[in-house]
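Okay, so here's the structure we're looking at.
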Amino acid sequence: MLGNKINILSTRILKKELLRRANLQHIEADAVAFIQNIPDISDVTIQKLHKLSSEPIVAVFTSIHAVEVVRGELSGHVPSWKIFCTGGATKEALLEFFDESAIVATAKNASGLADKILQSGFVKEVYFFCSKQRLNDLPETLSAAGIQVNEVTVYQTVGTPVTIDTQYQGILFFSPSGVHSFFSVNTIPVSTTLFSIGKTTTATIESYCSNEVITSQWPGEANLLELVIEYFGKKAGLQSEK
């Protein structure tokens, strides 16, 4: 357990149980949403989705937001899809609707998921349910290998910048979009440690500042928070040894 209180900022709203977990470790977490994910699905896409729900497609999900929109439009009908998805919250959301046997493989990020799809050996075509602001890694890797990628955009991500006056010891980032939104109106001292999910988010952070960045390779708020607790715990231990 940490001694002195550590103040951190999450650039995404966190679940209450995670805030309580942090507080037990003497970490005080403020949470401010720097992006908003908005369902954005056209009538044409809805018709396509209903048609696909009766077909044995290979579906790809790398975002919980895409899962929620698709699940809402299917209105309780569970398709017979083979699914590849990122782990953490995305997989958990899928398992609230699909049986676990539907999930062929998971990976910790989109590029890793593309590798799993290639390794499967049977996939010739996928339907990628995503945001209008999705990353290029997965569709470019699959297309280069001759797999047809049908992108089905079902939501969009918009920045909601907020000016922060408090000085935090740590700041948590979950996506490149959140990084862009935060730094569009904020600067930070070099002493602030930044925590990031995935190499793409880290690279985006590094384009704005030279602060220390601790990267979690696994998706999910809980995983990132554990990294924060571990980091400040070790730091407190080193300081107490001096």
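Using our numbering, the letters of the sequence shown correspond one by one to residues 1 to 242. We put the beta carbon where it would ideally sit given N, CA and C, even for glycine.
C-alpha of Q119 to C-alpha of F84: approximately 12 Å in a straight line. In the displayed model, N136 falls within coil according to three-state DSSP, outside both helix and strand.
N109 counts as buried, since no fewer than 16 other beta carbons sit within 10 angstroms of its beta carbon.
Under the Cβ criterion (8 Å, minimum of three pairs), the stretch 184 to 202 does not count as touching the stretch 36 to 55. Taking the C-beta atoms as reference points, Q47 is found no nearer than 9 Å to T157. Taking a cut-off of 8 Å for Cβ pairs, the stretch 22 to 38 and the stretch 155 to 169 touch, as three or more such pairs fall below it.
Beta-bridge pairing by DSSP links S10 to A31, L172.
Across the structure, G88 and I103 are spaced so that their CA atoms are roughly 13 Å apart. Every unbroken stretch of the alpha helix (DSSP H) spanning 4 or more residues and falling wholly within the stretch 164 to 232 is given here in chain order: 176 to 183, 199 to 206. Burial state of T202 is buried, judged by a 10 Å Cβ sphere holding 16 or more other Cβ atoms. If one requires a minimum length of 3 residues, the beta strand (DSSP E) runs lying completely within the stretch 38 to 97 are 58 to 61, 82 to 86, in chain order. Bounds of any beta strand (DSSP E) do not take in A22; it lies within the alpha helix (DSSP H) bounded by 16 to 24. The three-state secondary structure of I103, taken from DSSP, is strand. Selection W218, P79, T192 evaluated against F174 yields W218 as nearest (Cα-Cα). Per DSSP, the beta bridge partners of F129 are F61, V152.
Spatial neighbours of D30 in its own chain (CB-CB distance under 6 Å, excluding positions within 5 residues in sequence) are listed in chain order as L9. Annotated as distal: S131 and T90, with beta-carbon spacing of 9 Å or more.
Between the stretch 138 to 156 and the stretch 165 to 179, the count of Cβ pairs shorter than 8 Å is below three; the stretches do not touch.
Around the C-beta of I6, 16 or more other C-beta atoms lie within 10 Å, and the residue is accordingly described as buried. Per DSSP, T141 has no beta bridge partner at all. In this structure, the CA atom of K234 is about 10 Å from the CA atom of V228.
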